[in-house]
Amino acid sequence: MRTGFPYIQLKLGASLDGRTAMASGESLWITSPQARRDVQRQRAQSHAILTSSATVLADDPALTVRWSELDEQTQALYPQQNLRQPVRIVIDSQNRVTPEHRIVQQPGETWFARTQEDSSEWPETVRTLLIPEHKGHLDLVVLMMQLGKQQINSIWVEAGPTLAGALLQAGLVDELIVYIAPKLLGSDARGLCTLPGLEKLADAPQFKFKEIRHVGPDVCLHLVGA
Numbered sequence: 001m002r003t004g005f006p007y008i009q010l011k012l013g014a015s016l017d018g019r020t021a022m023a024s025g026e027s028l029w030i031t032s033p034q035a036r037r038d039v040q041r042q043r044a045q046s047h048a049i050l051t052s053s054a055t056v057l058a059d060d061p062a063l064t065v066r067w068s069e070l071d072e073q074t075q076a077l078y079p080q081q082n083l084r085q086p087v088r089i090v091i092d093s094q095n096r097v098t099p100e101h102r103i104v105q106q107p108g109e110t111w112f113a114r115t116q117e118d119s120s121e122w123p124e125t126v127r128t129l130l131i132p133e134h135k136g137h138l139d140l141v142v143l144m145m146q147l148g149k150q151q152i153n154s155i156w157v158e159a160g161p162t163l164a165g166a167l168l169q170a171g172l173v174d175e176l177i178v179y180i181a182p183k184l185l186g187s188d189a190r191g192l193c194t195l196p197g198l199e200k201l202a203d204a205p206q207f208k209f210k211e212i213r214h215v216g217p218d219v220c221l222h223l224v225g226a
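Every letter in the sequence shown is one number past the one before it in the UniProt record's numbering, and letter 64, counting from 1, is 64.
Structural data, given as structure tokens:
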């Protein structure tokens, strides 16, 4: 973890062969209901949830903590009347998300990380962070520095392979949490994250196992930077 940066946990869900969606794009419920409840617990413990505009456009998620889906122990830690919704952060450099999307209609705040101002009329719970570009993309390092200054200490990432790969490539991921479902999706299905091809094995991002646990029929892998 870098000084002044949030602690970043990247959540991934995949099949045994490392696939996250069918070639058609179908991806809902690869993992079990127990894994999804575990994700709710992880969300509740985070200051913020980070996603991309691509995920918002594809799935229209709410990205909230649903108290009814928490286990009893977590419910005791976070009573329903005191439940705090994590800040929802959307990377939207092309201003593609609209006020009609569910993510901005939920309790709590939604922050947009943009490279340019947006003229849409947003609820009062929406904030904009203007972030410069780096090599044609929103600068993730600058974004994390800004979030750290905003007292965002921990971030739970739920996004597709492009943002997941970009965070890994930038060396910003402190912990990987990977839910593995006992099924095979085949070689035509979509991969876990988008990373450039490596010429040398030594250039591969390195992690070490912190914990391996069963979550219903699935396995959850916790890995930290090596």
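Heads up, the beta-carbon is just placed ideally off N, CA and C, and yes, glycines get one too.
Nearest chain C C-beta to Gly160 closer than 9 Å, yes or no?
The structure shown contains no chain C, having only a single protein chain.
Would you be able to state if there are at least three C-beta pairs under 8 Å between the segment 65 to 85 and the segment 188 to 196?
Cβ pair count under 8 Å is below three, so no.
Presumed contact (8 Å Cβ cut-off) between Arg43 and Ile49, rounded CB distance:
Confirmed, Cβ separation roughly 6 Å.
So, at 7 Å on beta carbons, what are the nonlocal neighbours of Leu83 in its own chain, with the 5 sequence-adjacent residues on each side left out?
Cβ within range, chain order: Val65 and Trp67.
Confirm, please, whether the CB-CB distance from Gln34 to Pro217 is below 9 Å.
In contact: Pro217 and Gln34 (Cβ atoms closer than 9 Å).
So, is Ala164 buried or exposed, given that buried needs 16 or more other C-beta atoms within 10 angstroms?
Around the C-beta of Ala164, 16 or more other C-beta atoms lie within 10 Å, and the residue is accordingly described as buried.
What would DSSP say about Glu133, mapped onto helix, strand or coil?
For Glu133, the secondary structure class from DSSP, reduced to helix, strand or coil, is strand.
In whole angstroms, give me the CA-to-CA distance for His134 and Ile152.
In this structure, the CA atom of His134 is about 22 Å from the CA atom of Ile152.
Can you list, in chain order, the stretches of the alpha helix (DSSP H) that have 4 or more residues and sit fully within the segment 64 to 119?
Runs of the alpha helix (DSSP H) spanning 4 or more residues and lying entirely within the segment 64 to 119 occur at 72 to 77, in chain order.
Best match in Ser53, Leu130, Ile180 and Tyr78 for proximity to Thr98 [C-alpha to C-alpha]:
With respect to the C-alpha of Thr98, the residue from Ser53, Leu130, Ile180 and Tyr78 having the closest C-alpha is Ser53.
Reduced DSSP secondary structure (H/G/I, E/B, other) of Arg36
In the three-state reduction of the DSSP assignment, Arg36 falls in the helix class, which pools H, G and I.
Pull up the DSSP beta-bridge partners for Gly225, would you.
Its beta-bridge partners are Phe207.
Report the three-state DSSP secondary structure of Gly197 (helix, strand or coil).
The three-state secondary structure of Gly197, taken from DSSP, is coil.
Residues that DSSP places opposite Arg190 in a beta bridge:
For Arg190, which the question treats as bridged, DSSP gives the partners Ala21.
Residue interval of the beta strand (DSSP E) (run including Gly13)
Element bounds for Gly13: Tyr7 to Ser15.
Per the contact definition of three or more C-beta pairs closer than 8 Å, is the segment 84 to 95 in contact with the segment 111 to 122?
With a cut-off of 8 Å on Cβ pairs, the segment 111 to 122 is in contact with the segment 84 to 95, counting three or more such pairs.
Check whether Lys11 and Val56 have beta carbons under 9 Å apart:
When the beta-carbon positions are compared, Lys11 and Val56 stay at least 9 Å from each other.
Could you give the distance in angstroms between the alpha-carbon of Phe207 and the alpha-carbon of Val224?
Going by the C-alpha atoms only, they are around 5 Å apart.
Could you give the DSSP three-state label for Asp59: helix, strand or coil?
Reduced to three states, the DSSP call for Asp59 is helix.
Assuming His222 and Ile177 are in contact, meaning their beta carbons sit under 8 Å apart, how far apart are those beta carbons, in whole angstroms?
About 6 Å; that satisfies the 8 Å criterion.
Under 9 Å between the Cβ atoms of Ala21 and Leu185?
Contact: yes.
What did DSSP end up calling Ala170 once you bin it into helix, strand or coil?
Residue state, collapsed to three classes: coil.
Smallest Cα separation from Arg2: which of Leu172, Leu147, Asp139 and Lys183?
Of the candidates Leu172, Leu147, Asp139 and Lys183, the one whose C-alpha sits nearest the C-alpha of Arg2 is Leu172.
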